[in-house]
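Everything in the sequence shown is counted per my numbering, starting at 14 for the first residue and increasing by one. For every residue, glycine included, the Cβ atom is placed at its ideal position computed from N, Cα and C. Note that this is a predicted model, so its numbers are computed, not measured.
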Amino acid sequence: MNREQISQQHEAFLASAERAQWVPADYFRRAALSEIFLRPAPLEIDLGCGDGAFILAMAARFPDRNFLGTERLLGRVEKVCRAIARHALANCRILRLESLYTVRSLLPPGCASVVHIAFPDPWPKRQHHERRLFTDEFMLALHQVLAPGGEVLIKTDDKPYFDWIERIISRAQGFTRIEWIEEEGWPKTDFEKHFLAQSMPIHRARLKKI
Ligand SMILES: C[S@@+](CC[C@H](N)C(=O)[O-])C[C@H]1O[C@@H](n2cnc3c(N)ncnc32)[C@H](O)[C@@H]1O
């Protein structure tokens with residue numbers, strides 16, 4: 014391959030990575046799913062997808078589903094988008110936006126079959142608790158964005174935050190808590206791999222919309 018061909022190939026790769034990021038046409042109206050994915054398919058959302066190990070593995074494993082990740086840090090969004098381009102995952106896109114706003118105000122109601130929330134920032138200091146993702150308002154937004162029978166899968170290493178989450182989900186209307194037995198070889202998130210390597214316990218909750 015000559016220099017020009019290498020340069021063209023690189024340009025194509027960069028364009029493909031750019032396309033992997035979903036930039037809404039209008040942040041102040043609800044989007045239609047057809048604006049995000051050309052092909053209709055069950056949608057799974059990964060809120061705070063971080064460096065993307067989980068969403069990338071899920072998108073590769075389930076090509077018949079669509080995956081949308083949210084992430085607020087630009088460097089992480091760009092990294093995951095490059096990986097999407099590298100692996101040609103047409104069923105996976107990343108949105109650089111705050112998670113609550115995305116599920117409450119941007120996505121259409123009833124659009125998601127599963128919402129994954131893995132290792133949300135625990136904000137351990139008392140004066141920072143108001144920054145935590147899990148609130149009553151967030152639970153209402155999750156209920157709204159899920160399709161009937163849709164599920165929320167939550168994981169955290171942080172026991173005090175898990176206790177907080179359990180209090181919030183116990184008073185949320187329209188969900189039932191169900192057992193979660195993870196399949197052998199199920200994809201792990203980046204943080205999960207880190208905590209598992211240190212033999213730290215992982216706390217989980219699985220909710221079903223009723
Ligand atoms: C602790 S990391 C976990 C990342 C990934 N889920 C994992 O398990 O490896 C939390 C991620 O969520 C992102 N994040 C935190 N709050 C967010 C919010 N409100 N909206 C979007 N992303 C958020 C952070 O930037 C970070 O990448």
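{"query": "Whole-angstrom distance between phenylalanine 188 and arginine 226, CA atom to CA atom", "result": "No answer is possible for residue 226: the residues shown for the chain start at 14 and end at 223."}
{"query": "Inter-residue spacing [alpha-carbon to alpha-carbon] between leucine 220 and isoleucine 191", "result": "6 Å"}
{"query": "Straight-line gap, arginine 43 to leucine 119 (C-alpha atoms, nearest Å)", "result": "4 Å"}
{"query": "Cβ pair count under 8 Å reaching 3, the segment 55-62 against the segment 73-92", "result": "yes"}
{"query": "Option in Glu195, Ser47, Lys222, Pro200 with minimal Cα separation from serine 126", "result": "Lys222"}
{"query": "Start-to-end residues for the alpha helix (DSSP H) that takes in aspartate 64", "result": "No alpha helix (DSSP H) contains aspartate 64, which DSSP labels as neither H nor E."}
{"query": "Near ligand 1: alanine 131 beta-carbon under 7 Å from a heavy atom", "result": "yes"}
{"query": "Residue range of the unbroken beta strand (DSSP E) whose run includes serine 126", "result": "125-131"}
{"query": "Check whether alanine 96 and phenylalanine 204 have beta carbons under 8 Å apart", "result": "no"}
{"query": "Threonine 148 beta carbon near ligand 1 (any heavy atom closer than 7 Å)", "result": "no"}
{"query": "Of the listed residues Ser20, Arg32, Lys201, His207, nearest to alanine 98 (C-alpha basis)", "result": "Arg32"}
{"query": "Contact belief for valine 128 with arginine 109 at Cβ below 8 Å, rounded distance in angstroms", "result": "At roughly 18 Å, the Cβ-Cβ gap does not stay under 8 Å, so valine 128 and arginine 109 are not in contact."}
{"query": "Three-way DSSP call (helix, strand, coil) for threonine 189 in this model", "result": "strand"}
{"query": "Span separating the alpha-carbon of serine 112 from that of arginine 16", "result": "42 Å"}
{"query": "Bridge partners - asparagine 79, DSSP secondary structure assignment", "result": "Leu56"}
{"query": "Glutamine 140 (DSSP reduced to helix, strand or coil)", "result": "helix"}
{"query": "DSSP-derived helix/strand/coil call for proline 173", "result": "helix"}
{"query": "Rounded straight-line distance, which links the Cα of tryptophan 193 to that of leucine 209", "result": "18 Å"}
{"query": "Pair within 8 Å by beta-carbon distance, alanine 54 and asparagine 104", "result": "yes"}
{"query": "Burial state of phenylalanine 175 (16 or more Cβ within 10 Å)", "result": "buried"}
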